[in-house]
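Residues 258 to 576 in this note's numbering are what the sequence shown lists, from first letter to last.
Think of the CB as a built atom: it goes at the ideal place given N, C-alpha and C, for glycine as much as any other residue.
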Amino acid sequence: MRDFAIGVDVGGTNLRVAAIDANGEILQRINLTTEVRAGRDAVLEEMVSAVEALRARHASGARLAGIGFGVPGLIYMKEGKLRESPNLPGWHDYPLRDMLEQKLGTRVFLENDANAAALGEKWMGHGREVDGLVMLTLGTGVGGGIVLDGRIWHGLLGMAGELGHITIQPDGPRCGCGNHGCLEALASATAIVRMANEAVAQSSSPALQAAAAGGRPITSAIVYSAAKQGDPAAREIFRVVGWALGIALADLVNAFNLPMYVLMGGVSAAWDLFAPPMLAEVERRSFVYRAGGTRIVVSKLGADAGLFGAAYLPLSAAC
Ligand SMILES: [Zn+2]
Numbered sequence: 258m259r260d261f262a263i264g265v266d267v268g269g270t271n272l273r274v275a276a277i278d279a280n281g282e283i284l285q286r287i288n289l290t291t292e293v294r295a296g297r298d299a300v301l302e303e304m305v306s307a308v309e310a311l312r313a314r315h316a317s318g319a320r321l322a323g324i325g326f327g328v329p330g331l332i333y334m335k336e337g338k339l340r341e342s343p344n345l346p347g348w349h350d351y352p353l354r355d356m357l358e359q360k361l362g363t364r365v366f367l368e369n370d371a372n373a374a375a376l377g378e379k380w381m382g383h384g385r386e387v388d389g390l391v392m393l394t395l396g397t398g399v400g401g402g403i404v405l406d407g408r409i410w411h412g413l414l415g416m417a418g419e420l421g422h423i424t425i426q427p428d429g430p431r432c433g434c435g436n437h438g439c440l441e442a443l444a445s446a447t448a449i450v451r452m453a454n455e456a457v458a459q460s461s462s463p464a465l466q467a468a469a470a471g472g473r474p475i476t477s478a479i480v481y482s483a484a485k486q487g488d489p490a491a492r493e494i495f496r497v498v499g500w501a502l503g504i505a506l507a508d509l510v511n512a513f514n515l516p517m518y519v520l521m522g523g524v525s526a527a528w529d530l531f532a533p534p535m536l537a538e539v540e541r542r543s544f545v546y547r548a549g550g551t552r553i554v555v556s557k558l559g560a561d562a563g564l565f566g567a568a569y570l571p572l573s574a575a576c
């Protein structure tokens, strides 16, 4: 009998659910918008009913290996508890895994969303060709995941791979984690918008000032198109993003000497602007990189990486 699993990628604004078989083929997917403000119980109900709909549809003739959830935030792996999640207020210390197992009556696997994305890329993305990789997810925040010998590296509590909080600039901008100058404070979409608003306040960017004068809030996509049109301040922002990523990657390459480092998330779409300064920085700072063989690439699966990783948790545990 064919095995399949259900993967759930819980985002701040999107809830993506898919039934995926052991060969990595998506049998069916459901995309929902997460009404996080509706509260924890409403989000849980939505997840459970989407999972049940997929299970009912695909369970005949196939064996459900389990259900995997990729969740933003810090997770105590042993207890299956969320310590905290910036995107999911009110889930603090919630015994998520036990509650889901109770409601669904089957085995549930919890994983940090960036770890799940790293695992998904390893299973069905560019990572198929290698044993280990590091993933950086560049979105509203910066997440990280480390896969060594095909498995996620969890560390003591399950919180390893918080690569968005590597210090890049000791006296840099304050980060949500309490530290200063984290990668996240310099290379996330939030950081891009912060730098753009600073440029507007300093009247150093005609293109961004024009955008701000239109009354719409500045987004990283607006900064990207301003940079593409040659606005110097907008171009400088992506140089800073590349510089910060280059320092982080140089350290990661020196630490792990893995064959592959993968970037995904909304900001990775600006690769053409930030990659040249990023690669120059890695080259300059890492003698391990200069020794050769390291690949730095954009995710093959993109937004689906986390979904594949979530489904792979029960599939890989079963075999
Ligand atoms: Zn931080």
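Delimiting residues of the alpha helix (DSSP H) encompassing residue i
i: Ala307; result: Arg297 to His315
i: Tyr546; result: Phe544 to Arg547
i: Gln285; result: Segment Ile283 to Thr290 is the beta strand (DSSP E) holding Gln285; no alpha helix (DSSP H) there.
Distance CB(residue i)-CB(residue j) smaller than 8 Å
i: Leu558; j: Glu378; result: yes
i: Asn436; j: Gly402; result: no
i: Cys432; j: Glu441; result: yes
i: Gly503; j: Thr447; result: no
i: Ala276; j: Leu311; result: yes
i: Val308; j: Val274; result: yes
i: Ser462; j: Val524; result: no
i: Asn344; j: Gly438; result: no
i: Gly362; j: Arg297; result: no
i: Val498; j: Trp528; result: no
i: Ala468; j: Ala483; result: yes
Residue range of the unbroken beta strand (DSSP E) whose run includes residue i
i: Ala276; result: Asn271 to Asp278
i: Ile449; result: Premise fails: Ile449 lies in the alpha helix (DSSP H), Ala446 to Ala458, not in any beta strand (DSSP E).
i: Met381; result: Unbroken run through Met381 is the alpha helix (DSSP H), Asp370 to Met381; no beta strand (DSSP E).
i: Ile324; result: Ala319 to Val328
i: Asp260; result: Arg259 to Val267
i: Leu345; result: No beta strand (DSSP E) holds Leu345; DSSP gives it neither H nor E.
i: Leu331; result: Leu331 to Tyr333
DSSP state of residue i mapped onto helix, strand, coil
i: Gly559; result: helix
i: His437; result: strand
i: Arg354; result: helix
i: Met392; result: strand
i: Lys338; result: strand
i: Leu530; result: helix
i: Gly401; result: strand
i: Arg541; result: helix
i: Met521; result: strand
i: Arg385; result: helix
i: Leu414; result: coil
i: Arg364; result: coil
8 Å Cβ cutoff, residue i in contact with chain C
i: Pro430; result: Among the protein chains of the structure shown there is no chain C, as only one such chain exists.
| task | Output the residue ranges of the alpha helix (DSSP H) runs that lie fully inside the segment 470 to 505 and measure 4 residues or longer, sorted by chain position. | result | Within the segment 470 to 505, the complete alpha helix (DSSP H) runs of at least 4 residues are 477 to 485.
| request: Evaluate the contact criterion for the segment 379 to 391 versus the segment 333 to 340: three or more CB pairs, one atom per stretch, below 8 Å. | output: Because the criterion of three Cβ pairs below 8 Å is not met, the segment 379 to 391 and the segment 333 to 340 do not touch.
| query | Do the segment 554 to 574 and the segment 506 to 524 touch if we need at least three Cβ pairs shorter than 8 Å? | reply | Flag = yes, the segment 554 to 574 and the segment 506 to 524 touch.
| message | For the structure I just gave you, are there three or more beta carbon pairs, one from the segment 535 to 542 and one from the segment 348 to 361, closer than 8 Å? | response | With contact defined as three or more Cβ pairs closer than 8 Å, the segment 535 to 542 and the segment 348 to 361 are not in contact.
| message | Can you confirm whether the segment 466 to 482 touches the segment 500 to 511 when touching is taken to mean that 3 or more C-beta pairs between the two stretches lie within less than 8 Å? | response | Touching, no, given that fewer than three Cβ pairs across the two stretches are closer than 8 Å.
| query | Is the segment 322 to 332 touching the segment 260 to 278 in the sense that three or more CB pairs, one from each, lie closer than 8 Å? | reply | Counting C-beta pairs with one atom in each stretch, the segment 260 to 278 and the segment 322 to 332 have three or more that are closer than 8 Å, which means they touch.
| message | Count Cβ pairs between the segment 451 to 458 and the segment 485 to 495 that sit closer than 8 Å; are there 3 or more? | response | Three or more pairs of CB atoms, one per stretch, sit closer than 8 Å, so the segment 451 to 458 contacts the segment 485 to 495.
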